[in-house]
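Just below is one structure, and these are the notes that go with it.
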Amino acid sequence: MRTELHIPSDLKFLTIVENWLLGCLETELGDTSVDWPRLSNRLRLALVEAYSNVVRHAHRDQPNLPILIRLELKEGDLALEIWDHGKGYDLSTYLPPSPEDKQESGYGWLIMNRLMDRVEYRLQVNGRNCLKLEANLPMVTEKR
Numbered sequence: 003m004r005t006e007l008h009i010p011s012d013l014k015f016l017t018i019v020e021n022w023l024l025g026c027l028e029t030e031l032g033d034t035s036v037d038w039p040r041l042s043n044r045l046r047l048a049l050v051e052a053y054s055n056v057v058r059h060a061h062r063d064q065p066n067l068p069i070l071i072r073l074e075l076k077e078g079d080l081a082l083e084i085w086d087h088g089k090g091y092d093l094s095t096y097l098p099p100s101p102e103d104k105q106e107s108g109y110g111w112l113i114m115n116r117l118m119d120r121v122e123y124r125l126q127v128n129g130r131n132c133l134k135l136e137a138n139l140p141m142v143t144e145k146r
């Protein structure tokens, strides 16, 4: 299954983004043996962080710029791409937050890397940036 959503850069659309992701996955996974509560919370949090970062940073004050979110589910492997039109972020300058520094930003990258199995960020691919979040879906053993 592969699908995508084109959505404005505005936090008022956050619920629509969440519902789109979870609705697509619920429809596709149906009654499979996935630990749905755990998986849905994990993916929702990662997507909310990614989408809100684009709105607040990459497309700051430019709600007219669309965000493309692409979802692909193939044989238990999930890939979620978030495409933006911003300047991009140089990951070589990223410093993980330190609790003693009382740092206010920088937690998003840390959160996404903890929630997902793989996180990749590509700068300026055909004029856009792509954050790719990947996860192997944890299957629960069926009770018989």
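For reference, each letter of the sequence shown is one residue, going 3 to 146 in the working numbering. Even glycine gets a Cβ: it sits at the ideal position worked out from N, Cα and C. Remember, predicted model here, so these are calculated numbers, not experimental data.
- Alpha carbon of I18 to alpha carbon of C26, nearest angstrom: Residue 18 sits at position 16 when you count from the first residue of the sequence shown. Residue 26 sits at position 24 when you count from the first residue of the sequence shown. Straight-line Cα distance between these residues: approximately 12 Å.
- Beta-carbon separation (whole angstroms), M114 vs L135, contact threshold 8 Å: Position 112 of the sequence shown, counting from 1, holds the residue named residue 114. Position 133 of the sequence shown, counting from 1, holds the residue named residue 135. Going by Cβ atoms, the distance from M114 to L135 rounds to 6 Å, so yes, they are a contact pair.
- Message: I need the boundaries of the alpha helix (DSSP H) containing E106, first residue and last residue.
- Response: Within the sequence shown, residue 106 is the residue found at index 104, counting from 1. No residue range can be given for E106, since it is assigned to no alpha helix (DSSP H) and is classified by DSSP as neither H nor E.
- Task: Can you grab the Cα-Cα spacing for the pair S11 / V50, in whole Å?
- Result: As a working mapping, residue 11 is identified with position 9 in the sequence shown. As a working mapping, residue 50 is identified with position 48 in the sequence shown. Approximately 13 Å between the Cα atoms of the pair.
- Just the C-alpha distance for H59 and L7, rounded to the nearest angstrom, thanks. For the purposes of this step, residue 59 is taken as the residue at position 57 of the sequence shown. For the purposes of this step, residue 7 is taken as the residue at position 5 of the sequence shown. Inter-residue distance for H59 and L7 is about 20 Å (C-alpha atoms, whole angstroms).
- Going by CA-CA distance only, name the one from P68, G88, R116 and T34 that's closest to E77. Sequence index remark: in the sequence shown, residue 77 carries index 75 (1-based). Checked all of P68, G88, R116 and T34; the closest Cα to E77 is T34.
- Message: I'd like the span of the alpha helix (DSSP H) that includes N43, first residue to last.
- Response: Position 41 of the sequence shown, counting from 1, holds the residue named residue 43. Residues W38 to N55.
- Message: Can you give me the C-alpha to C-alpha distance between H87 and L133, rounded to a whole angstrom?
- Response: Taking the sequence shown and counting its residues from 1, one reaches residue 87 at position 85. Taking the sequence shown and counting its residues from 1, one reaches residue 133 at position 131. Going by the C-alpha atoms only, they are around 12 Å apart.
- Query: With burial defined as no fewer than 16 other Cβ atoms inside 10 Å of the residue's Cβ, what is the status of R146: buried or exposed?
  - Reply: The count along the sequence shown starts at 1 and reaches residue 146 at position 144. Unreliable placement is indicated for R146, whose pLDDT of 32 sits below 50; no coordinate value is reported for it.
- Query: Among L16, G90 and D37, which has the Cα closest to the Cα of L47?
  - Reply: Position 45 of the sequence shown, counting from 1, holds the residue named residue 47. Selected option, being the one with the closest Cα: L16.
- Task: To the nearest angstrom, report how far apart N138 and P101 are at their CA atoms.
- Result: As a position in the sequence shown, residue 138 is number 136, starting the count at 1. As a position in the sequence shown, residue 101 is number 99, starting the count at 1. N138 and P101: Cα-Cα distance of roughly 30 Å.
- Query: Leaving out the 5 sequence neighbours to the left and right, which residues in its chain are closer than 6 Å to S42 when beta-carbon positions are compared?
  - Reply: The sequence position of residue 42 within the sequence shown is 40, counting from 1. Excluding five sequence positions before and after S42, the CB atoms of its chain that fall closer than 6 Å to its own CB belong to L24, given in chain order.
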